[in-house]
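Everything on this sheet refers to the single structure shown next.
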Amino acid sequence: MGKLLVRKWRGKNIIGRIMETESYVGRNDAACHAAKGKTKRNEVMFGEAGCAYVYLIYGMYHCLNIVTERKDFPAAVLIRSLEPVEEVDLMYMSRKTKVFKNLTTGPGKLTQALRVTRTLNGEDLTLSDKLFVVNDGLKVKPGSVVSSPRVGVDYAGKDAKLMWRYYVNDSEFVSKV
DNA sequence: TATTGGATCGCC
DNA sequence: GCGATCCAATAG
Numbered sequence: 369m370g371k372l373l374v375r376k377w378r379g380k381n382i383i384g385r386i387m388e389t390e391s392y393v394g395r396n397d398a399a400c401h402a403a404k405g406k407t408k409r410n411e412v413m414f415g416e417a418g419c420a421y422v423y424l425i426y427g428m429y430h431c432l433n434i435v436t437e438r439k440d441f442p443a444a445v446l447i448r449s450l451e452p453v454e455e456v457d458l459m460y461m462s463r464k465t466k467v468f469k470n471l472t473t474g475p476g477k478l479t480q481a482l483r484v485t486r487t488l489n490g491e492d493l494t495l496s497d498k499l500f501v502v503n504d505g506l507k508v509k510p511g512s513v514v515s516s517p518r519v520g521v522d523y524a525g526k527d528a529k530l531m532w533r534y535y536v537n538d539s540e541f542v543s544k545v
C-alpha cells in the first residue's frame with residue numbers, strides 16, 4: 369500500500385500509487401480463483417511470489433494481481449485502485465475519459481490506464497522492465513489503512529464476509545465506499 | 001460440444 | 001438498473 373506501480377510502455381513510465389487492494393488466499397478461500405485447484409487460467413497463482421496474475425473479466429476488462437505466497441500455495445493481491453502519478457495525459461488517452469478521478473479508481477480502469485493486458489500474465493515483477501513496484505519512501509499514514517468485505521464476491525458464501533479489502537481511508541482514489 | 005456466469009464499467 | 005462481450009469452468 370502506498371508504493372508505486374510502474375508500467376513501462378513505449379519508453380514512458382506510466383505510474384500510479386497503490387491505494388486499494390484485496391487479498392485472495394489459498395484453496396480454502398471460496399472467492400479465490402484457485403479455490404478449486406489449478407487451471408490454465410490461474411496457474412501463475414501456484415507459482416513464485418512477485419509474478420503478475422492478469423485475467424480477463426466480463427469479456428472486456430483485465431484485472432491485475434500480484435502473487436504473494438510460496439510455490440504451490442495459491443494466493444494473490446488484486447490491485448483495485450491507484451492515485452495517478454506520472455504520464456497522466458497517456459492515462460486520459462488510454463481510458464477515453466475526461467474525469468481525473470475515473471482514470472484509475474477500479475481494477476478494470478487501472479489496467480486500461482497502465483495498458484496492462486494478459487500479455488503480462490506471469491510476468492515476474494522482480495525482474496521485469498515492463499511492470500514493477502517501487503517504494504519511493506512516501507509512507508502511508510499509520511492507521512489510515514482500513515478494511516472492508518471484498519467487492520463482487522457474494523457467490524463465496526461465508527468468505528464474502530471476510531474483511532480482506534484494504535484501502536487508504538482518506539484517499540479520494542478508491543473504487544467505492 | 002454446450003451452457004453459464006463473472007474479483008467490471010459506463011450509460012440509461 | 002442493465003447491457004456489453006469473451007472465455008474459463010463445468011456440465012452433458
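The opening position of the first sequence corresponds to residue 369 in the numbering used here, with each subsequent residue numbered one higher.
All C-beta atoms in this analysis are idealised placements derived from N, C-alpha and C, irrespective of residue type, glycine included.
Assignment of Ser496 by DSSP, reduced to helix, strand and coil, places it in the coil class. Distance from the CA atom of Arg438 to the CA atom of Tyr392, rounded to whole angstroms, is 14 Å. Under DSSP, the beta-bridge partners assigned to Gly384 are Leu373 and Pro452. Comparing alpha-carbon positions, the option among Tyr535, Val519 and Pro452 lying closest to Lys529 turns out to be Val519. Measuring C-alpha to C-alpha distances from Lys544 to each of Val374, Ala524 and Pro517 identifies Pro517 as the nearest.
Thr487 sits exposed, since fewer than 16 C-beta atoms from the chains shown fall within 10 Å of its C-beta. Among the bridge pairs identified by DSSP, Arg533 is matched with Glu390 and Ser516.
Contact annotation: Leu373 and Val501 have beta-carbon atoms nearer than 9 Å.
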